[in-house]
Amino acid sequence: MANQTIIAFENVSKQYDEDLVLKDINFEIEQGKFYTLLGPSGCGKTTILRLIAGFTEATQGNIYFEKKRINDIPANKRKVNTVFQDYALFPHLNVFENVAFGLRIKKMSKQAIAIKVKEVLRLVQLDCFEDREISEMSGGQRQRVAIARALANEPDVLLLDEPLSALDLKLRTNMQYELRELQQRLGITFIFVTHDQEEALAMSDEIFVMNAGQVIQSGTPVDIYDEPINRFVADFIGESNIVEGNMLADNQVEFVGQSFECVDGGMRRNEPVEVVLRPEDLTITSPERGKLVVEVDTQLFRGVHYEIICYDQAGNEWMVHSTKKAKVGSKVGLFFEPEDIHVMRFNETEEEFDARLESYEEE
Amino acid sequence: MKKKKWSNLYLFLVFIFLYVPIFYLIFYSFNAGGTMNDFTGFTLSNYQTVFDDARLIGIVLNTFMLAFLSSLIATTIGTFGAMGIYFTKRRRTRNALLSLNNILMVSPDVIIGASFLIFFTFLGISLNFFSVLLSHIAFSIPIVVLMVLPKLNEMNASLLDAARDLGASTFGVIWKVILPFITPGVIAGYFMAFTYSLDDFAVTFFVTGNGFSTLSVEIYSRARQGISLEINALSALIFLFSICLVIGYYFISKDNLTKKQKRRLRQQSEAREIL
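These protein sequences, in sequence, are chains F and B. Mapped onto numbering that gives the first Met the number 0, the consecutive letters of the first sequence carry residue numbers 0 to 362. Mapped onto numbering that gives the first Met the number 0, the consecutive letters of the second sequence carry residue numbers 0 to 274.
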């Protein structure tokens, strides 16, 4: 059961007219996990979802479902169900009939349908809403009906296409918890598409970061946050300070004209690299005790923390998240640990990155 | 204030202009004099003549039968035609199909009628009820397509994906999702086709033969022979029938509205109780 591959993409490409929207995609999806396809709009993440659901066909490559090639199986014969971005609830049917839609097609008995509909509606906390019309439901409720309708068919994989994007912040956060809990309770695979990095980090077992039709990096939320493979990922996921540097030797990197101890290695001597420091890893101290001396330029109160923008002598911008206030215009020191420094090579692919990580971690 | 007076007067004059001829016609249907020159006395005998005229009653029934059948068949074909245009993926092909449809809408009835006549004689189809039915179906289809297509475009395309996702076959998608959604358009198309068929003169005039006639053709040929007040009486009856239809439609739509409003009121009170 555990770690069994349920969906696999093999060299899948998709072309619309002249546009190549997916370029040679390869990945495997394991049963019972929560996956997120994360990327800016137009990066091809929804296309992957539509390929799995069967609404569109791959131009090249193979898609496997439980080891069987499903490229030519129509959408109505696949054991996946979709929650659509705009919910796509049938306006002429009430809540009960919407949820029962798939069950009626399967020609289940009336009793069995009634029991199943009640069950899934309870699952999404919509008991007693059976007789409501869709037009009478709020956005959050429609969202739940859409999830219930998909779950009623007992799919092996549930596909969710940016389902939370139309909800307000509070509701969205609540739904994140609920979706995560639902997935763990049901134990089925969820594939969630979003452009919201916080959503992705909060809910997923595994994230695929996508850009321009390619999977840039995949891994657990912690891996991706702590060890982004390149500037795009570092920038897209969370806030980050990225400066150019030089790899002097293993565990020794030079940036802003100074040499620092770090925990990365496996690169050429004096290789130009990019260095990432997360704003929350930087602490403000006196200029004498800091590893870097910067001048505070602006400060914004963000609620949980202050967002402080500083500049060093070389003119690099440094964003610091701190719970303590700083004085605008003053010179302060920035302190960070060697583990906080993350070094990225230019144009490194995910395989090379993983191989390098393994090589020097073994030593 | 003064401006409003003028606009009301204008509206009044327009309606007078539109309705006076009809009421003039109806007024003389009660004339005992036999002509429309002067009103000599009140009588219902003209109406008696209409109801005694078996041929005329037969033609009225024919006309309605023709309208009913032709619009039914045209609605079926037109609805699927609209779906065909909607599902045509290539934009250029779709626009071409739509233009071909629209050309039939704007081309004059006389030309359509004449071309049907040539077509039927060429194929050796005899001119009777069947030929009239065929041509009425043909000129009604574009109307139905035009009424149904906007409804299809209004439909959220992801509904179709959702239905397929839930296991519906192509037939299931059409029957359970598309048709319920476009029903208002289909009904509107049906009634448009019905009225077009009822009051068509030009096309019918060309393609009808011996033994079959519709009301408009019959009234035309009778009017040519000299005015008989029987026609006035018949017109009055048809006018009355139209008014009944309009009033009936008003009450049906009003009834629907109040049902919806009632439901909304009920919800509001429920919501208040929960709060």
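Beta carbons: idealized from backbone N, C-alpha and C, even for Gly. It should be emphasised that the depicted structure is a prediction, and the values quoted were computed from it without experimental measurement.
Rounded separation between residue i and residue j - CA only
i        : j        : result
F:Asp71  : B:Thr203 : 51 Å
F:Thr46  : F:Gln84  : 13 Å
F:Glu364 : F:Asn346 : What the structure shows of chain F is the stretch from 0 to 362, and residue 364 of chain F is not part of that stretch, so it cannot be assessed.
B:Gly225 : B:Leu24  : 15 Å
B:Thr194 : B:Ser157 : 35 Å
F:Glu362 : F:Glu161 : Caution is warranted here: a pLDDT of 47 is assigned to F:Glu362, below 50, making its placement in the model unreliable, and no coordinate value can be reported.
F:Gln175 : B:Val185 : 42 Å
F:Gln110 : F:Lys117 : 11 Å
F:Met239 : F:Pro73  : The sequence as given places Ser at residue 239 of chain F; Met does not occur at that position. Taking the straight line joining both Cα atoms gives about 44 Å.
F:Ile215 : F:Ser108 : 47 Å
F:Arg179 : F:Lys44  : 20 Å
F:Lys67  : F:Gln59  : 16 Å
B:Thr87  : F:Leu50  : 21 Å
F:Ala248 : F:Leu281 : 24 Å
F:Val82  : B:Cys243 : 48 Å
F:Pro39  : F:Ala7   : 23 Å
F:Leu159 : F:Gly53  : 14 Å
B:Val71  : B:Leu122 : The sequence given here has Leu at residue 71 of chain B, not Val. Taking the straight line joining both Cα atoms gives about 25 Å.
F:Met202 : F:Cys42  : 21 Å
F:Glu350 : F:Ile228 : 10 Å
F:Lys78  : F:Phe259 : 53 Å
B:Pro20  : B:Phe26  : 10 Å
B:Asn7   : B:Ile136 : 42 Å
Same chain, Cβ closer than 6 Å to residue i, five either side skipped, listed in chain order
i        : result
B:Glu217 : Ile58
F:Ser217 : Phe207
B:Val176 : Leu158 and Ala162
F:Met313 : Residue identity check: residue 313 of chain F is Ala in the sequence provided, not Met. Excluding residues within five positions, the ones whose Cβ falls inside 6 Å are Val255.
F:Thr297 : Ile308
B:Asn100 : Pro141 and Val144
Residues bridged to residue i (per DSSP)
i        : result
F:Trp317 : F:Cys309
F:His341 : F:Val275
F:Thr81  : F:Leu158
F:Lys67  : F:Phe64
B:Met104 : B:Met104 pairs with nothing; no bridge assigned.
F:Ala248 : F:Gln251
F:Thr297 : F:Ile308
F:Val214 : F:Met209
B:Val276 : A question about residue 276 of chain B goes unanswered here, because the residues of chain B that appear run from 0 up to 274.
F:Lys13  : F:Leu21
F:Gly332 : F:Thr284 and F:Val292
F:Ile6   : F:Ile28 and F:Phe64
F:Thr191 : Strictly speaking, residue 191 of chain F in this sequence is Phe, with Thr absent from that position. Its beta-bridge partners are F:Thr35 and F:Leu159.
F:Glu132 : F:Asn93
F:Val242 : F:Val274
B:Asn30  : B:Phe41
F:Ser258 : F:Glu253
Beta-carbon proximity list for residue i, same chain, < 8 Å, skipping 5 on both sides
i        : result
F:Leu19  : Ser12, Lys13 and Gly212
F:Phe89  : Glu96, Asn97, Phe100 and Ile133
F:Gln196 : Leu37, Phe235, Ile236 and Gly237
Integer Cβ distance of residue i from residue j, believed to fall under 8 Å
i        : j        : result
F:Gly256 : F:Val292 : 11 Å between Cβ atoms; not a contact.
F:Asn250 : F:Gly265 : About 10 Å separates the two Cβ atoms, so there is no contact after all.
B:Ile111 : B:Phe128 : That pair is no contact at about 18 Å.
B:Leu159 : F:Asn152 : In fact, because the Cβ distance is near 17 Å, the residues do not count as touching under 8 Å.
F:Ala325 : F:Val295 : 5 Å
F:Ile190 : F:Leu36  : 7 Å
F:Thr4   : F:Glu27  : 5 Å
F:Leu122 : F:Leu150 : 7 Å
F:Leu276 : F:Phe334 : The pair is not a contact, with the Cβ atoms about 11 Å apart (cut-off 8 Å).
B:Asn229 : B:Asp52  : The identity of residue 229 of chain B in the sequence shown is Glu, whereas the question assumes Asn. That pair is a contact at about 7 Å.
F:Pro154 : F:Asn80  : 4 Å
F:Ile340 : F:Val274 : 6 Å
F:Arg143 : F:Gln124 : 7 Å
F:Gly244 : F:Val252 : 5 Å
Same chain only: Cβ atoms within 7 Å of residue i, ignoring 5 sequence neighbours per side
i        : result
B:Tyr119 : As written in the sequence, residue 119 of chain B is Phe, which differs from the Tyr given in the question. Counting only Cβ-Cβ distances below 7 Å, and skipping sequence neighbours, we find Leu126, Ser130 and Val206.
F:Ser224 : The displayed chain sequence assigns Tyr, not Ser, to residue 224 of chain F. Closer than 7 Å at the Cβ level, and outside the excluded window around F:Tyr224, lie Leu200, Ile236 and Gly237.
B:Leu68  : Leu132
B:Val172 : Leu159, Ala162 and Arg163
B:Leu97  : Ile84
Contact between the segment 0 to 14 of chain B and the segment 318 to 326 of chain F: three or more CB pairs below 8 Å?
-> No, they do not touch.
Decide yes or no for the touch test of the segment 29 to 37 of chain B against the segment 99 to 109 of chain B: beta carbon pairs closer than 8 Å, at least 3 of them.
-> Because the criterion of three Cβ pairs below 8 Å is not met, the segment 29 to 37 of chain B and the segment 99 to 109 of chain B do not touch.
Is it a yes or a no for the segment 123 to 131 of chain F touching the segment 86 to 97 of chain F, going by three-plus beta-carbon pairs under 8 Å?
-> Yes, since at least three Cβ pairs between the segment 123 to 131 of chain F and the segment 86 to 97 of chain F fall closer than 8 Å, the two stretches touch.
Tell me, please, whether the segment 139 to 157 of chain B touches the segment 79 to 86 of chain B by the rule of three or more beta-carbon pairs shorter than 8 Å.
-> Taking 8 Å as the limit for Cβ pairs, the verdict is that the segment 79 to 86 of chain B does touch the segment 139 to 157 of chain B.
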